[in-house]
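Student: Pasting in a structure now, in structure tokens, and then I'll have a few things to ask.
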Amino acid sequence: MENEKILKLAIIEAAKGLGLELVENDVVIEHSKDPAHGDYATNVALKNAKRLGKNPREVAQYLSDNIKNEHIEKIEIAGPGFINFFLTQEKLTGIVERVINEGDAFGKGSPKGKKINVEFVSANPTGDLHLGHTRIAAVGDSICNLYEAAGYDVCREYYVNDCGNQIEHLGTSLRARYHEAFGEPLVLGEDDYHGRDLIALAEQIKEKYGDKYLVDNEESAAFFKRFGIDAELAKIRADMDAFRVRFDKFSYESDIRKGGTIESTLEFLKPHTYVQEGATYLKTSDFLDDKDRPIVKSNGQYTYFMPDICYHYDKMSRGFDELIDVLGADHHGYINRMKSALMMKGYSADSLAVELVQIVRVFKDGEEVRMSKRTGKSITHRELVEDVGIDAVRYFFVERSASAHLDFNFNLATEQSSQNPVYYAQYAHARCCSLLNLADDIALDPKATALKEESEMQILKHLAEFPSMIEGAATSRAPYKVAAYIQKLAGLIHEFYASCRIIDRNNIEVTSSRLALVKACKIVIKNGLRLLGVSAPEKM
RNA sequence: GCGCCUGUAGCUCAACUGGAUAGAGUAUCAGACUACGAAUCUGAGGGUUAGGGGUUCGAGUCCCUUCAGGCGCGCCA
């Protein structure tokens, strides 16, 4: 059982003697920063003193007198009424054996029996992914990993907008490039795509189909759209694959629009609509929105919002307990709009959570880089990953909370040096591996009974926090907490290494305990990095 | 104008969702390898948490207000 849980249950039990009925969520167990404050602390006495009409220290005194648990070495009351717990040596070292036994599975929470759908990236298949997508991919995938680790059932989903205006432009642009490939002058409209990447696609078409599509008719127009979508989506999928992001499902707007779904949904929503100047508005302001939103234009076309509503209804109908959309921060106006639409269908406002990811700026040599030297356009996802490497990009892009603007330091990320946090963590892992290799003839002692140094105790406590860290990072959808955890652990490992002689063939008892600790560290660093999609090399 | 977000060390960010002396990294300075990887470690300086008021045992965190910045407010997606 987790240390926190043991303490909570003991506190709840003792509180009954005061006539206080508590549940686990009422009790906050803190990890003491200062070793003088014990291993864990709680503020229950302060929290509940008023309700009981007693002095906080009195309450603390009663609780500390009545908490009995074999794993608690000592209890102290401090300050205004904090209760500090000191655990037994045996309980603290117990984590080593647990980590080694559970291995890759250490940190995994018990199954929650809940299905969660996380939609992210969902870039329009009209061109290359940019850095905003990179961050959304890194954050979204890590959130999924966290939910899975915490015991949820997760579906990673990508919504393909393969209809609408941009797709029309993709088709006409590709057609223009195709004509260009036959020596005709290039004719592109203002809203068409001027990127040079379509040239290669046009060449492919020419090679495969010859001049078959030079005639402008409905068939060729449809062909260019289809070919463009398929090719662009294939590129995106390849980029995401290479970035270690795999989607379980691709949903297509064109499928949503099939089979009269939109019409029947429109019919269902009718009580919540009105017509003004020929356009149909949805009364989202009856729910959470600050104004109503058009869903059908006066020319009869649907706005983007209409199929989006159907898509979200579709997701809910697939039996998910919660939907999560990971979006760029400029979409915040979208949140209450979609929640309102879900509420019209009887879903709760909480059935959808939107995680907003702030923009990314790249800095090189102290200056902001906007354009790629190679193409003259904005730096693409692919270019950044090629230049910097997957591990560094994935790590840096989740290192800060998603709501914070990210300034990506290009020099630091490519530097294989002490200042680079990715290498700092990976180096800690490699160090553990090399220690275990050097002493592979010495048996480990999973009970780790000989551990007693301060640097060892610090690691033990930190290792014990891993499962609850995952739980917290998952529910707050905050992968940056994993990165922070890893940095701390890596630091503790390096510190331990510097202050303790680990392999000492004249003292096998201590050595075998320390090696077991090293093994546990190695496992947890690796498990942590895996949550972020970052590799844990054995050698560097 | 209205709404949402943000403001913490020179810089980039934390602070367990209201807890104990606000912490890391980086930068700067000073130290540590003839023992397991120096991609490492040890130490120092650096703060009126944008300003002001309030709530309480206790506020960076909650409420009000002022200031500064970002983003939204389309029959675009």
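Be aware that the first sequence starts at 1, since it is given in our numbering, and climbs by one per residue. Glycine included, each C-beta is placed from N, C-alpha and C at the ideal position.
1. If you reduce the DSSP assignment to three classes, tell me which class G328 lands in.
2. Please work out which residues of its chain come closer than 7 Å, Cβ to Cβ, to T284, disregarding the five sequence neighbours upstream and downstream, and give them in chain order.
3. Would you tell me roughly how many angstroms separate the C-alpha atoms of I205 and D241, rounded to the nearest one?
4. Where does H133 land, buried or exposed, given buried means 16+ other C-beta within 10 angstroms?
5. How would you call H381, buried or exposed, if buried means at least 16 neighbouring beta carbons within 10 angstroms?
6. Give, in chain order, every unbroken run of the beta strand (DSSP E) that is at least 3 residues long and sits entirely within the stretch 90-168.
7. If I follow the unbroken beta strand (DSSP E) through V44, where does it start and stop?
8. Between which two residues does the alpha helix (DSSP H) carrying D255 extend?
9. Tell whether a beta-carbon distance below 9 Å holds between Y395 and M540.
10. With burial defined as no fewer than 16 other Cβ atoms inside 10 Å of the residue's Cβ, what is the status of S298: buried or exposed?
11. Given this structure, state the Cα-to-Cα distance separating T172 from L188, to the nearest angstrom.
12. How long is the line joining the alpha carbons of H37 and E30, rounded to whole angstroms?
13. Using alpha carbons as the reference points, say which of D407, L517, E76, A425 lies closest to L460.
14. In terms of residue numbering, what span does the alpha helix (DSSP H) encompassing D387 cover?
15. Using the Cα positions of N69 and E90, report the straight-line distance between them to the nearest angstrom.
16. Can you tell me whether DSSP reads Y485 as helix, strand or coil?
17. Within the same chain, show all residues whose beta-carbon is closer than 6 Å to that of A150, passing over the 5 residues directly before and after it, in chain order.
18. Let me check understanding here. Comparing Cα to Cα, which of E219, K208, L269, M306 lies closest to S254?
19. For the ligand FAD, any of its heavy atoms closer than 8 Å to the Cβ of I199?
20. Below 8 Å on the Cβ atoms is my contact criterion, and I expect G528 with Y485 to pass it. Report the Cβ-Cβ distance as a whole number of Å.
21. In angstroms, rounded to a whole number, what distance separates the CA positions of A430 and V510?
22. To the nearest angstrom, how far is the alpha carbon of F120 from that of E267?
23. Classify P125 as buried or exposed, calling it buried when 16 or more other Cβ atoms lie within 10 Å of its own Cβ.
24. Can you name the residues that DSSP bridges to I83?
25. How many angstroms separate the CA atom of G164 from the CA atom of R175?
26. Could you compute how far the alpha carbon of F496 sits from the alpha carbon of F247?
27. Assuming V524 and V96 make a contact with CB atoms under 8 Å, what is their CB distance in whole Å?
28. For N84 versus S32, is the C-beta spacing smaller than 9 Å?
29. May I ask which residues mark the beginning and end of the alpha helix (DSSP H) holding F305?
30. Going by DSSP, name the residue or residues bridged to S368.
31. Identify whether Y62 lies in helix, strand or coil by the three-state DSSP scheme.
32. Hey, out of L412, A349, I493, P80, whose CA is closest to L515's CA?
33. Could you please give the first and the last residue of the uninterrupted alpha helix (DSSP H) stretch that includes L186?
34. How big is the Cα-Cα spacing for Q301 and V23?
35. Output yes or no for whether 9 Å exceeds the beta carbon distance between S403 and A329.
36. Report the rounded CA-to-CA distance for I256 versus S351, giving the unit in angstroms.
Tutor: Taking the geometry as given:
1. Here the question's residue 328 lines up with position 328 in the first sequence. Strand at G328.
2. Taking the first residue of the first sequence as position 1, residue 284 is located at position 284. In chain order, D292, R293, R337, S340, A341 place their CB closer than 7 Å to the CB of T284, counting only its own chain and leaving out the 5 sequence neighbours on each side.
3. In the first sequence, counting from the first residue as 1, residue 205 sits at position 205. In the first sequence, counting from the first residue as 1, residue 241 sits at position 241. Separation of I205 and D241 (C-alpha to C-alpha, rounded to the nearest whole angstrom) is 25 Å.
4. Residue mapping note: residue 133 aligns to position 133 of the first sequence, counting from 1. With 16 or more other Cβ atoms within 10 Å, it is buried.
5. Here residue 381 refers to the residue found at position 381 when the first sequence is read from its first residue. Buried, by the Cβ-count rule.
6. Taking only runs of at least 3 residues, the beta strand (DSSP E) segments lying wholly in the stretch 90-168 are 115-119, 153-160.
7. Here residue 44 is taken as the residue at index 44 of the first sequence, counted from 1. Per DSSP, V44 belongs to no beta strand (DSSP E); it is in the alpha helix (DSSP H), 44-52.
8. As a working mapping, residue 255 is identified with position 255 in the first sequence. Where D255 is concerned, the enclosing alpha helix (DSSP H) stretches over 253-256.
9. The count along the first sequence starts at 1 and reaches residue 395 at position 395. The count along the first sequence starts at 1 and reaches residue 540 at position 540. Y395 is not a Cβ neighbour of M540, given a cutoff of 9 Å.
10. Your numbering for residue 298 matches position 298 in the first sequence. Under the 10 Å beta carbon count, S298 is surrounded by fewer than 16 other beta carbons and is classified as exposed.
11. For the purposes of this step, residue 172 is taken as the residue at position 172 of the first sequence. For the purposes of this step, residue 188 is taken as the residue at position 188 of the first sequence. A direct Cα-Cα distance of roughly 8 Å separates T172 from L188.
12. Residue mapping note: residue 37 aligns to position 37 of the first sequence, counting from 1. Residue mapping note: residue 30 aligns to position 30 of the first sequence, counting from 1. Those two C-alpha atoms are separated by around 10 Å.
13. For the purposes of this step, residue 460 is taken as the residue at position 460 of the first sequence. Residue L517 is the option with its Cα nearest to L460.
14. Locating residue 387 in the first sequence gives position 387, where the first residue counts as 1. Per DSSP, D387 belongs to the alpha helix (DSSP H) from 381-388.
15. Looking up residue 69 in the first sequence gives position 69. Looking up residue 90 in the first sequence gives position 90. Spanning the two alpha carbons is a distance of roughly 13 Å.
16. Numbered from its first residue, the first sequence carries residue 485 at position 485. The DSSP-derived three-state label of Y485 is helix.
17. Working through the first sequence from its first residue, we reach residue 150 at position 150. Exclusion of the five residues before and after A150 leaves G109, I470, E471, A474 as the residues of its chain whose Cβ lies within less than 6 Å of its Cβ.
18. Translated into positions along the first sequence, residue 254 becomes position 254. It is M306 whose Cα lies nearest to the Cα of S254.
19. This structure does not include the ligand FAD; it has no bound ligands of any sort.
20. The count along the first sequence starts at 1 and reaches residue 528 at position 528. The count along the first sequence starts at 1 and reaches residue 485 at position 485. Taking a contact as a CB-CB distance under 8 Å, the pair G528 and Y485 counts as one, their CB atoms being some 6 Å apart.
21. Locating residue 430 in the first sequence gives position 430, where the first residue counts as 1. Locating residue 510 in the first sequence gives position 510, where the first residue counts as 1. For A430 and V510, the distance between alpha carbons rounds to 22 Å.
22. For the purposes of this step, residue 120 is taken as the residue at position 120 of the first sequence. For the purposes of this step, residue 267 is taken as the residue at position 267 of the first sequence. Straight-line spacing of the CA atoms in F120 and E267 works out to 29 Å.
23. Along the first sequence, one-based indexing puts residue 125 at 125. Looking at its Cβ environment, which holds 16 or more other Cβ atoms inside 10 Å, P125 is buried.
24. Sequence index remark: in the first sequence, residue 83 carries index 83 (1-based). As a beta-bridge residue in DSSP terms, I83 pairs with T42, I77.
25. As a first step, residue 164 is located in the first sequence; it is residue number 164 there, counting from the start. As a first step, residue 175 is located in the first sequence; it is residue number 175 there, counting from the start. In a straight line, the C-alpha of G164 is about 17 Å away from that of R175.
26. As a first step, residue 496 is located in the first sequence; it is residue number 496 there, counting from the start. As a first step, residue 247 is located in the first sequence; it is residue number 247 there, counting from the start. C-alpha separation (whole angstroms): 40 Å.
27. Position 524 of the first sequence holds residue 524. Position 96 of the first sequence holds residue 96. Actually they are not in contact, since the Cβ atoms of V524 and V96 sit about 11 Å apart, beyond 8 Å.
28. Within the first sequence, numbered from 1, the residue matching residue 84 stands at position 84. Within the first sequence, numbered from 1, the residue matching residue 32 stands at position 32. Cβ distance < 9 Å, so N84 and S32 count as in contact.
29. For the purposes of this step, residue 305 is identified with residue 305 of the first sequence, where counting begins at 1. 305-317 is the extent of the alpha helix (DSSP H) around F305.
30. In the first sequence, residue 368 corresponds to position 368, counting from 1. Note on residue identity: the sequence assigns Glu, not Ser, to residue 368. In DSSP, E368 forms a bridge with F363.
31. The residue labelled residue 62 in the question sits at position 62 within the first sequence. Helix at Y62.
32. Along the first sequence, read from residue 1 onward, the residue named residue 515 stands at position 515. Shortest Cα-Cα distance from L515 to any of L412, A349, I493, P80 involves I493.
33. By 1-based counting over the first sequence, the position of residue 186 is 186. Neither: L186 is in no alpha helix (DSSP H) and is coded neither H nor E.
34. The residue labelled residue 301 in the question sits at position 301 within the first sequence. The residue labelled residue 23 in the question sits at position 23 within the first sequence. Straight-line measurement puts the Cα of V23 at about 54 Å from the Cα of Q301.
35. The residue you call residue 403 lines up with position 403 of the first sequence. The residue you call residue 329 lines up with position 329 of the first sequence. Going by beta carbons, S403 and A329 fall inside the 9 Å limit.
36. Position 256 of the first sequence, counted from the start, is the residue given in the question as residue 256. Position 351 of the first sequence, counted from the start, is the residue given in the question as residue 351. So the alpha carbons of these two residues sit roughly 20 Å apart.
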